[in-house]
Amino acid sequence: MAVPKKKTSKSRKNMRRAHDFLTTQSLSTCPQCKAPKLPHRACPTCGTYKGKEVIDVSKAQ
2 MAVPKKKTSK SRKNMRRAHD FLTTQSLSTC PQCKAPKLPH RACPTCGTYK
52 GKEVIDVSKA Q
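Positions 2 to 62 (our numbering) are the ones given, in order, by the sequence shown.
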């Protein structure tokens, strides 16, 4: 059985595991305008959330 000669430091251990936590953001489509948006957030294109207008997009521009 292989036995390590030296203790693996916290820094080296965390550098090795750094790529395990990278995930891509999941996107959903807006039911109103069919634009991609983040889930559980108002649509930045049309300003609706769950079928109701919550952001006045015409004012924002």
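Beta carbons: idealized from backbone N, C-alpha and C, even for Gly.
Q. What is the rounded straight-line gap between the Cα of residue 60 and the Cα of residue 21?
A. 42 angstroms
Q. With DSSP run on the structure shown, which of helix, strand or coil describes residue 59?
A. helix
Q.
Is residue 2 close to the ligand MN? I mean its beta-carbon at under 7 angstroms from any heavy atom of the ligand.
A. Although the ligand MN was asked about, the structure shown includes no ligands whatsoever.
Q.
Can you give me the C-alpha to C-alpha distance between residue 39 and residue 17, rounded to a whole angstrom?
A. 30 angstroms
Q. Under three-state DSSP, which class holds residue 11?
A. helix
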